Amino acid sequence: MAHHFEAHKVEEVLPFIDAAVSLRRFIDEEGNPVEETKVQLSSELLLKMYVTMVRARILDEWLLKMQRVGRVAIHAPNAGQEAIAGAVMALREEDWLFPSYRELSAYIARGMSEEEIIDRAMANADDPLRGSEFAVYGNEKYNIVPAPVPVGAQIPLAVGAAIAAKILGHKVVAMTIFGDGATSRGDFHSGMNFAGVFKAPVVLVIQNNGWAISLPSRRQTAAKTLAIRGVGYGVPGIRVDGNDIVAMYITALEAAERARAGEGPTLIEALTYRLGPHTTADDPDRYRSKEEVKLMERLDPIVRFGKYLKGRGVMTEREERDIWKEWGEKIESIVKKCYEKPSLPVSVIFENVYSEPTWNLKEQMEELEESLRIMKELGVKVE
Amino acid sequence: MAHHFEAHKVEEVLPFIDAAVSLRRFIDEEGNPVEETKVQLSSELLLKMYVTMVRARILDEWLLKMQRVGRVAIHAPNAGQEAIAGAVMALREEDWLFPSYRELSAYIARGMSEEEIIDRAMANADDPLRGSEFAVYGNEKYNIVPAPVPVGAQIPLAVGAAIAAKILGHKVVAMTIFGDGATSRGDFHSGMNFAGVFKAPVVLVIQNNGWAISLPSRRQTAAKTLAIRGVGYGVPGIRVDGNDIVAMYITALEAAERARAGEGPTLIEALTYRLGPHTTADDPDRYRSKEEVKLMERLDPIVRFGKYLKGRGVMTEREERDIWKEWGEKIESIVKKCYEKPSLPVSVIFENVYSEPTWNLKEQMEELEESLRIMKELGVKVE
Amino acid sequence: MVVMNMVQALNSALREEMRRDRRVVVLGEDVGRRGGVFLVTEGLIDEFGHERVMDTPLTEGGIVGVAIGMALYGLRPVAEIQFIDFVYEAFDQIVTNLSKVRRRTGGMYSAPVVVRGPCCGGVKGGMFHSQSNESYFVHTAGLKVVMPSRPYDAKGLLKAAIRGEDPVIFLEPKILYRSIREEVPEHDYTVPIGEARVVQEGSDVTLVTWGAMVHKSLEASKIARAKYGWEVEVIDLRTLFPFDKEAILKSLEKTGRLVVVHEAPKTLGLGAEIAAYVAENAIELLKAPIARVTGFDVPYPLAHEKLYLPNEARIIMALSKVMNY
Amino acid sequence: MVVMNMVQALNSALREEMRRDRRVVVLGEDVGRRGGVFLVTEGLIDEFGHERVMDTPLTEGGIVGVAIGMALYGLRPVAEIQFIDFVYEAFDQIVTNLSKVRRRTGGMYSAPVVVRGPCCGGVKGGMFHSQSNESYFVHTAGLKVVMPSRPYDAKGLLKAAIRGEDPVIFLEPKILYRSIREEVPEHDYTVPIGEARVVQEGSDVTLVTWGAMVHKSLEASKIARAKYGWEVEVIDLRTLFPFDKEAILKSLEKTGRLVVVHEAPKTLGLGAEIAAYVAENAIELLKAPIARVTGFDVPYPLAHEKLYLPNEARIIMALSKVMNY
Ligand SMILES: Cc1ncc(C[n+]2csc(CCOP(=O)(O)OP(=O)(O)O)c2C)c(N)n1
Ligand SMILES: Cc1ncc(C[n+]2csc(CCOP(=O)(O)OP(=O)(O)O)c2C)c(N)n1
Ligand SMILES: [Mg+2]
Ligand SMILES: [Mg+2]
């Protein structure tokens, strides 16, 4: 099978190297500060950012492994996109998050534990989403509404939640995260337009990771940037280096504060890069070159932020090693623990369709129970 | 019933008086030239433009009357928006048009006769669309694809036709016309984005007539203009005075030539005003003031263009009167002729669902025939 | 009691619920200043203001999607689709989020949105102002589907829908908006979702129907009684999902004959499910084939629409078929 | 003859049709360089170039809408929906334009588009990669709906769909993509739309099914024969609309018993229409109730999906029900 590559340079793939469009960045590729932040960030916060990304990276690797051995249905790798945590850390506890399916660091940033995430990924007995779907995460404890798998379908939900908060007089902001691919859907259009018209307190973050499966973002649209789309809805749009966690944090903080102050929505285009395959079912070698990925690896948000922290004396080399070691061990033991958990009961099939089961569901539950008896009789194994 | 008006000035309703956004215009409100056209337009063409608008205006009034006496199901008044004919006259015969439901002058510009339009409106035996729907017009003779009533649903069709023409190597342009309201739909978003990505030879014309039923266009979106939306798709957008038929013609001509030359799509926002109700089923007094309409009447595209033609010696006062008289009489006699035509046969109910009727349709046709017999027997009159 | 038509009954249901519960909000195209194109929301903006009565941009997908988000946050949105024929842009939000958000969030979140709008034909509305598209919703697990046939039910069912914990698709036959007037209580009441109503008792044949066809069926049954002496039991389903199977079976025990009448196209119209349910669970009750009288399997026609819709003649043909079997 | 799996059969159908007719084009998400996520379009871009094999932006509404426009102009587009669960954004274009454009233009224009995509469950796809949503299309007048159960039919039906004058929704059970291999002719052939296939003859009971359930039903019928001596006639519907009523009635004349098996949820699944059709037109043939074995009326579950899908035990329960009546 001959793989068909387009002759393109990295500069074409990764819009954020394109000098023709402005890009907000606080830390450069070598981990040096670019622009002085107006907000003073504490070392504690900076370290928390680092640890959050590390935890997500380790967890991501585990989920990949778990998928390979059949303990997880499908995983959408996060590696390279961990700086989204910065945007989420700009939210307050009472704010709401409507993520997509590639934001482990975002959940961790909101307080979700690895155990909760792994329970979800395995759809075991402790799965808060009760085995309904793969690759999506959320929990009302953290005001995180799990994503629908159809991409972008969460966007109008976030806008609606934001409008609701406004109507009720709550000072609550909704944030939604979605990919460059999702910007092509009607949901993006209607969500953005409603957000503009009703001045919804919402922050819309595009994780422009260069690709939507095999479609490069510059083929997703002929627009020069995605941030510029804001203009068409009367919504300010800003383009940031999505691999610079400080830029993500500060930009989202400003957007959230604008929203909270009643000044309406902001569209943030975060330029990042998906280092792994689209999902564990994907084969990226069919559509992009290994050289491209290699080149992009040097923009790894964790490495870069690590350099920054070390360069500014916030973290020592030893502390860095300890963080990786500590979380590597912790997560490994959590995985082991989760492996031991029982599966969900068969009854989940009929759960949560309505607030109370309708008569047809009751009839069908009986049919299922009867069939389980027959299966025993027949000696048929179904699951 | 107290009618609820917002306290707004005409300047707020009609974006085209807003000096903050540039507006292309060749003829001012008093009928004086504003900018010299680069293209020389012949007197013949100018007169044709005028006559086309007059014919549409007279026909519009007839359709209103015919609706009132129950000979037409619903009519969407065109008065005030006739200059759209200019955009359509910029097309060539081989080009395709995907209009909406408020463009009588556009059909006339493409060669459709009043008789054809009235047959359609009445859904009589000569209706080319065989009584399938109201308020929409089209005919393959003129490469006009009748609109679907769900607004904006024709946009991706026009883009698709344009892409097809390009694939087949035809030098054919597709034009689509739709309202300000339609720009909020997913179809606008996907159509624009495909047009940009595939450089489709398509001209997209927004008839921004200030209102989508009761929603003023400045509430349809928070964007400053609709033309600016083009930026978000890499499609040039331009704002023209949609009541200036010369501006419409020249802008569309440039756009069509760009498309034909392989340079891709153009978005044209034409600022106009709907002088009448939304449809014959509407009551605009519920949402806009009579004063507003009165003020807008002075922008009537026909009056204005008439002044221009007279001012430049292209048409005399007498010629003007004659045109109105001639077409008034012609159309009246056409209406009378159409009144005499028989209705469509009952069999249209089952026509054109598939290329050949499927078995269920044959069964159902028999049921219908049987029921017609029974109705006779029972003495029940259904229609 | 006040005499009301269906528009007034719906308007009073909305008004009362909005007064009762400040979480109830209304959104849609032209629902504010215009009061809706059929005036179902007339005057609400004056009483409740534009935050709770939102005139939205022209996007059904946006309206339903945003309504779901509002419901997740805790509001009780009533989203109007100006004509139910325009609901399809919202179909993704309906299938993906509205019907599944309780399920896909493990029961942590729910979206008790009412999506309401005028449906069905008979008013020369043509292809896109006449559709009876209830099947799409009935087939979608997670939704409830309602269609009233008279002002009393319209008000009581809409209140029940707004108060319920599940999403409801609320379909209003526009031909009935002003054609029927009846007494409607001024005190608070609801009509429970899931319960049919026996509109006319009869011992010979069970006729299950809903919406405007209730009235057509009553007309036809009058002719049938006068001409043939058949006593038709007419059941107004009112809730299309979950439909009241008990009421149908109970009637069938008496009559042994079943006719279903609906405006929607025949193939996979709800009549199919009712017939299948009976053929599966109660075939022993049947003395005759099940007959369906429905709209034809064609896009709704503008010309000759009266012949597209089930009428007395076709209903009587079906009654004869089951009576003379 | 060459031995092929369904992916290869579909790929060869596309390739042959694209060679035969330059109006045939393919569009969809990742259909070009990626060759589709299941590789159904693998290699086509190399042979036919990116104008005829278009990688599109991520919008199903746009894909179908643009495909319709292409068809109006004269092309024969084959639009891929990456998973049929994502078709809903296109539902407005499907209902409003695809199914009605011939009708609403008085027959002047038509849109012979094939909308194809992987459907159905069994591969741990969860809620949005497993749906069997054929009912939405079968209920929509103007569409034809097809679902093959084996490579031979997949190729022949896809060719027939591409050559036909009507829009076709072409549903491919993804679990069968690589699980079945069989001989497929190298010469040109089509399988006519509208014709069912008797997969196994039998005299006791007629089992109507389609897609992956054909194979489950054959398994179950083996057990039924071995254990109870029942001879089950298994009919693969292949075309879901217009379905082959003759084939069903002919078999019923022999057996007098009907079981329908499908993955889609029960309420208004296509089984309902088949049951209703028989209860309406051929009840005299029936010796027993009609039984349906279907997916449950819930969003497709990730956990325990094998218990959601019809299986041998449930099929045998239904067979007993009609055999022991
Ligand atoms: C509506 C819809 N269509 C198709 C898919 C299949 N699909 C899953 S992810 C994806 C690409 C998404 O790209 P993007 O939005 O950029 O997010 P990323 O995967 O790059 O994070 C596609 C086509 C889907 N999930 N939803
Ligand atoms: C999808 C859809 N939703 C709602 C309607 C009902 N409707 C008909 S026209 C209209 C307003 C359209 O406004 P605009 O696009 O500005 O066109 P205009 O009528 O002003 O020419 C509405 C809401 C429709 N036809 N289609
Ligand atoms: Mg992406
Ligand atoms: Mg308008």
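Chains as they are written, first to last, in our numbering: chain A, 945 to 1327; chain B, 945 to 1327; chain C, 1186 to 1510; chain D, 1186 to 1510.
Positions of the beta carbon are idealized from the N, C-alpha and C atoms, including for glycine.
The structure displayed is predicted, hence computed values, not measured ones.
Kindly indicate the opening and closing residues of the alpha helix (DSSP H) around residue i.
i, result
"K1320/A", "1303 to 1322"
"F1132/B", "1130 to 1141"
"N1466/C", "1455 to 1466"
"D1231/D", "1229 to 1237"
"W1006/A", "987 to 1012"
Could you pull the start and end residues of the beta strand (DSSP E) that residue i belongs to?
i, result
"R1382/D", "1382 to 1385"
"A1214/B", "1210 to 1215"
"L1471/C", "It is not in any beta strand (DSSP E) - L1471/C carries neither H nor E in the DSSP assignment."
"N1152/A", "1146 to 1152"
"P1262/D", "1261 to 1265"
"H1447/D", "1443 to 1450"
"F1122/A", "1118 to 1123"
"E1204/A", "Sequence inspection shows Arg at residue 1204/A; the Glu mentioned does not correspond to that position. Looking at the DSSP string, R1204/A is not in any beta strand (DSSP E); the run it does join, the alpha helix (DSSP H), is 1189 to 1204."
"L1425/C", "1424 to 1426"
Could you round the C-beta distance between residue i and residue j to whole angstroms and report it? I think they count as a contact, below 8 Å.
i, j, result
"G1075/B", "L1487/C", "5 Å"
"V1184/B", "L967/B", "7 Å"
"I1347/C", "V1209/C", "6 Å"
"F1142/A", "A1102/A", "With a Cβ gap of about 13 Å, F1142/A and A1102/A do not count as contacting."
Using a C-beta to C-beta distance shorter than 7 Å, which residues of chain A count as neighbours of residue i?
i, result
"Y1294/C", "E1084, V1089"
Given residue i, which residues of its chain have a CB within under 7 Å of its CB, disregarding the five upstream and five downstream residues?
i, result
"V1324/B", "none"
"A946/A", "For A946/A, the pLDDT reaches just 40, beneath the cut-off of 50, and the residue's location in the model is therefore unreliable, leaving the point undetermined."
"G1310/D", "none"
"V998/A", "I1246, I1267, W1268, W1271"
Skipping 5 residues on each side, what residues in its chain have a beta carbon closer than 8 Å to that of residue i?
i, result
"T1325/C", "I1279, V1280, S1284"
"L1437/D", "T1391, L1443, V1463, A1467, L1470, L1471"
"M1186/D", "E1368, V1369, P1370, E1371"
"K1218/C", "First, the amino acid is wrong: residue 1218/C is Arg here, not Lys. So the list reads I1230, D1240, once near-sequence residues are dropped."
Residue i versus chain D: which residues are under 7 Å apart at the beta carbon?
i, result
"I1107/B", "V1251, M1255"
"L1073/B", "R1289, T1290, G1291"
Starting from residue i, find everything on chain A with Cβ-Cβ shorter than 8 Å and list it in chain order.
i, result
"L1260/C", "A1108, I1111, L1112"
"I1501/D", "I1318, L1322"
Would you mind telling me which residues of chain B sit closer than 7 Å to residue i, beta carbon to beta carbon, in chain order?
i, result
"R1477/D", "By Cβ distance, chain B contributes nothing, its closest Cβ being about 20 Å from R1477/D, past 7 Å."
"N1282/D", "P1092, A1097, L1101"
Going along chain C, which residues have a C-beta under 9 Å from residue i?
i, result
"V1483/D", "R1288, A1326, G1327"
Short of 6 Å in beta carbon distance, which residues of its chain neighbour residue i, apart from the five on each side in sequence? Order them along the chain.
i, result
"K1313/D", "The sequence shown places Phe at residue 1313/D, rather than the Lys named in the question. Answer for F1313/D: D1270, listed in chain order."
"Y1294/D", "L1257, V1286"
"A1275/D", "E1245, G1246, V1249"
"Y1510/D", "A1473"
So which residues of chain D does residue i contact, with C-beta pairs closer than 9 Å?
i, result
"P1286/A", "Within chain D, no residue comes near P1286/A; the closest Cβ sits about 12 Å away, beyond 9 Å."
Just the chain C side, please: which residues come within less than 8 Å of residue i by C-beta, in chain order?
i, result
"A1102/A", "G1254"
What does residue i touch in chain C if you count any residue whose Cβ is under 7 Å from its own?
i, result
"M1319/B", "A1498"
"M1191/D", "In chain order: nothing, as chain C lies at least about 26 Å away."
Residue i touches chain B at which residues, Cβ-Cβ below 8 Å?
i, result
"P1377/D", "Near P1377/D there are no residues of chain B at all, since even the closest Cβ is about 12 Å away, more than 8 Å."
Given that residue i touches chain B, what residues does it touch there, using C-beta distances under 9 Å?
i, result
"K1115/A", "Per Cβ cutoff of 9 Å: no residues; K1115/A is ~22 Å from chain B at best."
- Query: If you measure from each residue's Cβ to the nearest non-hydrogen atom of ligand 3, which ones come out under 6 Å, in chain order?
  - Reply: G1123/A, D1124/A, G1125/A, N1153/A, W1155/A, A1156/A
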